[in-house]
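There are 2 protein chains.
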Amino acid sequence: MTAQVGIADVAAAAGVSRTTVSLVLNNAQSRISDETKTRVRRIATEIGYSPNSVARSLRTRRTRTIGLISDRIATTPFAGRMLAGVHDVARENEYLVFLVNTDGESQIERDAIRALAGQQVDRVIYASMWHQELRAPAELPSSAVFLDCRPIGSNHAAVVPDDRAGGAAAVSELIAAGHRRIAYVDTTENPRPVAADLRWRGYLDVLKAAGLPIDPRLHVREELSAAGGRRATESLLRLPPHSRPTAVFFFNDRMAVGAYAAANALRLEIPRDVSVFGFDDQQLVASELDPPLSTVALPHYEMGRWAMEMALDQRPPPESTYLMTCPVIRRASVGPPSPSPTKTG
Amino acid sequence: MTAQVGIADVAAAAGVSRTTVSLVLNNAQSRISDETKTRVRRIATEIGYSPNSVARSLRTRRTRTIGLISDRIATTPFAGRMLAGVHDVARENEYLVFLVNTDGESQIERDAIRALAGQQVDRVIYASMWHQELRAPAELPSSAVFLDCRPIGSNHAAVVPDDRAGGAAAVSELIAAGHRRIAYVDTTENPRPVAADLRWRGYLDVLKAAGLPIDPRLHVREELSAAGGRRATESLLRLPPHSRPTAVFFFNDRMAVGAYAAANALRLEIPRDVSVFGFDDQQLVASELDPPLSTVALPHYEMGRWAMEMALDQRPPPESTYLMTCPVIRRASVGPPSPSPTKTG
DNA sequence: CTTCGTGGATAAATCGGTTTATCGGTTGGT
DNA sequence: ACCAACCGATAAACCGATTTATCCACGAAG
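Protein chains in written order, with the working numbering: chain W, 162 to 506; chain G, 162 to 506.
Okay, structure coming up:
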């Protein structure tokens with residue numbers, strides 16, 4: 162392992178000063194002859210010079226690094242897309258990303274913020290792995306950007322999914338397909354996820370706008386799991402015919418999976434007998450079901466990009482939390498409603 | 162934002178030189194009076210000193226950072242556990258991790274290695290998101306550690322899952338449950354995953370050791386998806402009774418999911434009529450199926466830890482690629498074989 | 001009385017770049 | 001002939017820590 166070639170080596174080989182080399186390689190607007198410029202550049206690549214970013218950073222006080230603090234990367238399948246979004250923008254701008262995982266422990270969080278500050282990161286992104294409201298740690302600089310969470314008691318820039326509009330879009334799809342009795346399968350999770358509430362609000366928005374009645378029997382709460390989704394679906398499908406829903410909108414895909422088992426057990430077919438809508442577009446799940454699950458995608462990649470662009474000041478600061486659109490993913494779990502056994506009118 | 166407090170500020174406040182402050186805070190073996198030591202330490206915390214790692218790194222030539230190069234973090238649900246393993250060890254040792262995603266493009270890879278070298282990272286971990294054999298980029302230092310991939314043509318330290326032993330363990334479980342006719346559902350993926358071959362070898366190992374015949378009809382290849390797994394299962398279960406398998410071992414969970422749909426379509430029940438074994442222990446899938454899927458877990462977290470410990474020289478270099486054990490996860494998809502309709506003997 | 005050793009602390013060099021101020025030389029204007 | 005402007009290039013300061021070499025004072029030894 163030969164020692165790293167430095168700027169002094171380039172200077173010596175080119176017969177100029179280190180100053181000149183620095184000016185040339187940084188394209189500083191300075192009066193250096195074209196002849197010298199090309200020679201320095203040629204020699205630099207010839208001898209394989211690559212600058213020591215640590216030394217540069219010390220002087221310039223900018224490191225071209227950002228710190229990404231996340232509460233947990235391991236336990237959610239969405240983390241990757243968010244990281245990818247952040248990372249892609251970083252790479253496009255020749256930034257490097259420090260990744261720190263806190264497991265949600267505030268002591269680790271504080272240590273991480275300290276360590277990142279010590280490393281002189283240019284900015285910090287404070288990410289949550291699901292949409293929630295968080296109080297910023299006192300040590301967090303005000304320039305930090307919140308990703309997939311919104312700050313309580315501070316006005317950090319922030320981006321979260323527009324769950325309300327997403328829920329509305331899902332329900333609109335079902336209405337457009339002809340459904341009039343649409344259930345919402347909620348979660349009993351405690352504390353209640355912000356998203357569960359927003360999606361429910363979206364549901365209400367659309368039903369009201371369409372002039373449809375809100376039937377409390379069609380709002381059921383269950384454990385956040387496939388089994389919970391199955392139980393919810395079974396109870397809904399056992400309602401008397403005239404109150405039974407023809408479509409079910411689930412808090413998320415994980416619960417929606419349970420609908421398939423329930424339909425199977427009741428010898429019903431999706432979407433012929435009941436339409437199903439999920440939320441999250443969970444990879445390797447939603448698209449692999451039979452029939453593939455219609456759902457609303459969480460824009461994790463886009464949110465990651467947004468946060469990083471924000472961190473690099475490439476976006477005007479929003480007046481408040483930025484709501485990222487959740488695109489509807491149309492698959493085969495939605496169809497026209499099955500004719501009601503007792504037809505009214 | 163007040164300027165970062167530096168070592169000079171501590172020195173001034175304590176009425177000593179910067180040298181003294183440095184010696185005290187680094188616990189250097191030096192003759193400094195206890196009185197001075199405690200005073201310096203007290204003042205340092207009082208005024209909130211935190212060292213500038215950039216400056217320190219420049220001098221010490223060690224940055225306490227490592228670079229983690231991965232081919233893709235977004236598209237696999239396992240990435241998180243691997244990152245978590247790497248990260249936990251990093252944190253325990255007060256290291257920070259640069260995360261770089263290359264999407265498998267060698268140009269990005271080269272740029273990343275250059276950038277990380279410029280940042281003077283102490284070590285590099287070269288990770289793949291699934292078990293494969295890779296040729297190291299020429300620029301990769303020989304001290305780099307391979308994670309979830311083994312090097313071709315170089316002898317970098319490396320860790321991969323012991324897929325062969327994992328496959329053997331799965332099949333052993335099935336044999337222990339009483340099965341004699343066990344199918345292996347392979348993938349047609351091209352290029353063929355290393356793991357598909359190793360798991361198959363594990364299958365053969367066990368059948369041979371148990372003195373059971375190898376029936377080529379029980380080795381089927383299908384597309385790597387739930388649909389592929391379903392087709393494979395259906396073809397297996399339609400074999401004539403005396404050649405039909407009583408248990409199916411799938412290349413991975415994703416394909417094993419198809420067995421549930423197939424069983425349903427054929428009005429068979431898992432595990433009463435057929436036992437099912439997966440591989441990967443894919444989160445939010447294997448455990449959520451009904452019945453929950455018995456499978457073999459990929460030790461991503463442990464491999465991540467191993468790689469980072471290796472990078473920090475906390476492990477003796479292995480003579481060759483380290484094979485990490487894949488633990489068997491017993492769930493409810495395995496039972497005793499259903500009695501063959503035509504009983505012989 | 002001089003020399004030596006030692007405890008406590010520090011001045012100065014160093015890491016590898018960037019930035020500022022300055023240099024010598026040539027040209028151009030008056 | 002003198003000064004200003006400008007060109008091309010560089011010496012030296014600087015970033016904030018660590019590390020080396022050195023300093024002073026004091027007590028013990030010769």
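The beta-carbon is built from N, C-alpha and C at its ideal position, and this holds for glycine as well.
Strand pairing of residue i, partner residues [DSSP]
i, result
"G:ASN262", "G:SER231"
"W:ASP441", "W:ALA458"
"G:PHE410", "G:TYR345 and G:PHE438"
"W:ALA318", "W:VAL306"
"W:GLU383", "W:THR348"
Three-state secondary structure assigned by DSSP to residue i
i, result
"W:GLU253", "helix"
"G:HIS292", "strand"
"W:THR237", "coil"
"W:TYR210", "coil"
"G:ALA422", "helix"
"W:ASP272", "helix"
"G:PRO312", "strand"
"W:ILE168", "helix"
"W:VAL177", "coil"
"G:THR226", "strand"
"W:HIS340", "coil"
"G:LYS504", "Residue confidence is low: G:LYS504 scores 41 on pLDDT, short of 50, so the model does not pin down where it sits. Its coordinate-derived value is still stated next. If DSSP states are grouped into helix, strand and coil, G:LYS504 belongs with coil."
"W:ARG203", "helix"
"W:LEU335", "helix"
"W:VAL367", "helix"
"W:MET162", "Note that W:MET162 scores 47 on pLDDT, short of 50, meaning its location in the model is unreliable; the coordinates nonetheless yield the value given after this. Three-state DSSP puts W:MET162 in coil, outside helix and strand."
"G:LEU484", "strand"
"G:ARG284", "strand"
Where residue i meets chain G, residues with beta-carbon distance less than 9 Å
i, result
"W:THR224", "VAL215 and GLN280"
Residue nearest to residue i in terms of C-alpha spacing, selected from the options
i, options, result
"W:MET416", "W:GLU430, W:ALA240, W:TYR345 and W:MET471", "W:TYR345"
"W:ARG284", "W:GLN268, W:LEU257 and W:GLU270", "W:LEU257"
"G:GLU480", "G:ASP451, G:SER315 and G:GLU266", "G:SER315"
"W:ARG311", "W:ARG342, W:ALA468 and W:TRP361", "W:ALA468"
"W:CYS160", "W:SER499, W:MET471 and W:PHE440", "No information on residue 160 of chain W is available, as it lies outside the stretch 162 to 506 that chain W covers here."
"G:ASP442", "G:LEU429, G:TYR287 and G:TYR462", "G:TYR462"
"W:ASP434", "W:GLY465, W:LEU459 and W:ARG399", "W:ARG399"
"G:PHE410", "G:ASP272, G:PRO432 and G:SER194", "G:PRO432"
"W:TYR421", "W:LEU385, W:GLY372, W:SER494 and W:ALA370", "W:SER494"
"G:LYS244", "W:LEU260, W:HIS248 and W:THR206", "At residue 244 of chain G the sequence reads Leu, which differs from the Lys that was named. Checked all of W:LEU260, W:HIS248 and W:THR206; the closest Cα to G:LEU244 is W:LEU260."
"G:VAL321", "G:PHE307, G:ALA174 and G:GLN165", "G:PHE307"
"W:ALA305", "W:ASP451, W:ASP264 and W:GLU470", "W:GLU470"
"G:LEU229", "G:PRO477, G:GLU449, G:PRO478 and G:ARG466", "G:ARG466"
"W:ARG341", "W:PRO352, W:THR349, W:PRO374 and W:PRO354", "W:PRO374"
"G:CYS349", "G:GLY363, G:PRO500, G:GLU384 and G:ARG362", "Reading off the sequence shown, one finds Thr at residue 349 of chain G, where the question assumed Cys. Nearest C-alpha to G:THR349: G:GLU384."
Within 7 Å, strictly: CB atoms of residue i and residue j
i, j, result
"W:ALA330", "W:PRO497", "no"
"G:ILE274", "G:ARG296", "no"
"G:ASN262", "G:SER214", "no"
"G:VAL282", "G:THR221", "no"
"W:ARG382", "W:ASP324", "no"
"G:THR394", "G:GLY419", "yes"
"G:HIS292", "G:ASP309", "yes"
"G:ARG391", "G:PRO453", "no"
"W:VAL367", "W:SER396", "no"
"G:ILE193", "G:ARG179", "no"
"W:ALA472", "W:ILE343", "no"
"W:LEU219", "G:LEU186", "no"
Chain-ordered chain G contacts of residue i [CB-CB under 7 Å]
i, result
"W:PHE411", "Per Cβ cutoff of 7 Å: no residues; W:PHE411 is ~14 Å from chain G at best."
"W:ILE234", "GLY241, LEU244 and ALA245"
"W:VAL418", "GLU449"
"W:VAL446", "LEU445 and VAL446"
Per-residue contacts from residue i into chain W (C-beta, under 8 Å)
i, result
"G:LEU257", "PHE259, VAL261, ALA276, LEU277 and GLN280"
"G:HIS248", "ILE234, LEU260, VAL261 and ASN262"
"G:SER386", "GLU449"
"G:ASN425", "ASN425"
"G:ALA422", "ASP451"
"G:ARG415", "LEU445 and GLU449"
Contact set between residue i and chain W, taken where Cβ atoms lie within less than 9 Å
i, result
"G:LEU219", "ASN213, VAL215, ALA216, SER218 and LEU219"
Chain G residues whose Cβ lies nearer than 8 Å to that of residue i
i, result
"W:PRO238", "PRO238, GLY241, GLN444 and LEU445"
beta-carbon residue i near the ligand NAP non-hydrogen atom, thresh 6 Å
i, result
"G:PRO498", "As for the ligand NAP, it is missing from this structure, which has no ligand bound."
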